[in-house]
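Residue numbering for the sequence shown follows the UniProt record's numbering, starting at 1 and increasing by one per position.
Okay, structure first, notes after.
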Amino acid sequence: MTFDDFESHEDPYVRWDAAYVLGAMSPSDRREYEAHLAHCARCSQAVSELAGMPGLLALITPEEAFGTLSGTDASEDEEPPAPRVLTQLVGTVQRRRRYRRAATALAAAAAVVAVAVPVGVLVTQDRTPSAPVTAMPVPNPANTTEAVFTPVVPTTITASASIASTSWGTVIFVECSYEDTWPGDGRYGADTEGYALTVTDRSGVVTTLATWTGEAGRTVRPTATTSLPVDAIASIDVRSDDDHQVLLTTAL
């Protein structure tokens, strides 16, 4: 038995992290995996390490993606192109992530404005919520709008967003902080629950862009993309994933 066989036998969810972060799961598998993440620190850490991938992949052109391949021909013994592309893209993303983290640290030390790559998507979490919550820096600040969410119902959650316009649509970077009020007191966000990031377009159509599990005393940073241009979005909402109640909203 190989190490991979042992690892898979020990935890059947050990290889679900990438599919979850990239949105490649069916709704039933996503719900099953999110329930598992609520009590599995190892899988939560694995997801956290991949959390910035959707936003980073949005920065890589198709030419760069296919350029990671050393050649176009493959023998029968070689790894198929699709897995090789994904494996090498992960390396490209990780290198860019390290570079931008270093650049951000240097910029902060020098007290100058720098462009940073956002950290976050589905379940990247900090134990202690930021106070006050501030929007995350995003690429190309000239095309970025900062927003603070307004509560719609009593909740322990505070949230802000950076909304970046691109040539193909919109990237939304959100930071949600949950007050440390355990055990729950009946308000949304006081207990471990599922949440969703949705957008409502100008015609009233609601689309879910991201989901995650929140927990009292933590900060979660979802990242989402949509083909809708910014001016076609009427509002961005944080909802309960269970009853779809709008908890916080920001109008554009």
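Note that CB positions come from ideal geometry on N, CA and C, so glycine has one too.
Measure the beta-carbon distance from residue i to residue j and round it to whole angstroms, keeping in mind my assumption that it falls under 8 Å.
i, j, result
"Y178", "G217", "6 Å"
"D234", "R202", "The displayed chain sequence assigns Ala, not Asp, to residue 234. The pair is a contact, with the Cβ atoms about 5 Å apart (cut-off 8 Å)."
"L252", "V238", "Contact flag wrong, Cβ pair sits at about 15 Å."
"A161", "T250", "6 Å"
"I236", "V199", "5 Å"
"A164", "V174", "Contact flag wrong, Cβ pair sits at about 12 Å."
"L50", "V21", "4 Å"
To the nearest angstrom, how far is the alpha carbon of residue i from that of residue j?
i, j, result
"V121", "V152", "Confidence at V121 is low in this model, with a pLDDT of 40, below 50, so its placement is unreliable and the value that follows should be read with caution. Taking the straight line from one Cα to the other gives about 23 Å."
"P12", "D231", "43 Å"
"P229", "A46", "32 Å"
"S28", "D241", "13 Å"
"A208", "T225", "In the sequence under discussion, the amino acid at residue 208 is Thr, which differs from the Ala named in the question. Spanning the two alpha carbons is a distance of roughly 10 Å."
"A19", "V220", "19 Å"
"T146", "T166", "The displayed chain sequence assigns Glu, not Thr, to residue 146. Roughly 15 Å separates the two Cα atoms."
"V148", "V246", "15 Å"
"G23", "E32", "14 Å"
"S48", "P154", "29 Å"
"D17", "E193", "19 Å"
What three-state label does DSSP hand residue i in the structure shown?
i, result
"S240", "strand"
"A41", "helix"
"A24", "coil"
"E179", "coil"
"P129", "The predicted model places P129 with a pLDDT of 44, which falls under 50 and marks its position as unreliable; any figure quoted below should be read in that light. It is coil, neither helix nor strand."
"V220", "strand"
"V152", "coil"
"D29", "helix"
"V174", "strand"
"V230", "helix"
"V205", "coil"
"V14", "coil"
Using DSSP bridges, identify the partner residues of residue i.
i, result
"W212", "Y195"
"T166", "DSSP, once it has assigned bridges, lists no residue as partnering T166."
"E146", "S162"
"S235", "T200, A251"
"V246", "R239"
Nearer than 8 Å: is that true of the beta carbon of residue i relative to any heavy atom of the ligand MN?
i, result
"N143", "Here there are no bound small molecules, and the ligand MN is not part of this structure."
- Task: Please determine if the region 32 to 47 and the region 209 to 223 are in contact, where contact requires at least 3 C-beta pairs separated by less than 8 Å.
- Result: yes
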